[in-house]
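To start, the structure under review is shown below, and the notes come after it.
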Amino acid sequence: MNGKGVQPASCSVDIAKHYTLGVQMGVNGTPAMVLSNGMVLPGYQGPKELKAFLDEHKKQTSGN
């Protein structure tokens with residue numbers, strides 16, 4: 010935009026360690042959510058579907 014090059018970025022996070030943890034938790038793609046009871050919700054969820062799912066999860070885990 011201003012004619013200058015973009016500086017390369019670096020990251021010290023151990024990606025392999027994070028990947029291994031995800032695999033251990035049953036995550037095999039993104040996006041994914043891990044709920045309070047350990048259930049993995051994989052893939053994209055539309056806003057209405059996600060809200061309905063989370064409302065049901067809350068009802069089941071809160072005892073209401």
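Residue numbers (the working numbering): 10 to 73. Idealized CB from N, CA, C, for every residue including glycine.
Supposed contact pair residue j and residue i - C-beta distance, whole angstroms, cut 8 Å
i     : j     : result
Leu30 : Ala41 : At roughly 12 Å, the Cβ-Cβ gap does not stay under 8 Å, so Leu30 and Ala41 are not in contact.
His66 : Leu44 : 6 Å
Three-state class that DSSP yields for residue i in the structure shown
i     : result
Ala18 : coil
Pro56 : helix
Leu44 : coil
Val36 : coil
Residue i at chain D interface by Cβ criterion, 8 Å
i     : result
Pro51 : The structure shown has no chain D; it contains just one protein chain.
Nearest candidate by alpha-carbon position, reference residue i, set the options
i     : options                : result
Asn46 : Lys60, Met34 and Pro17 : Met34
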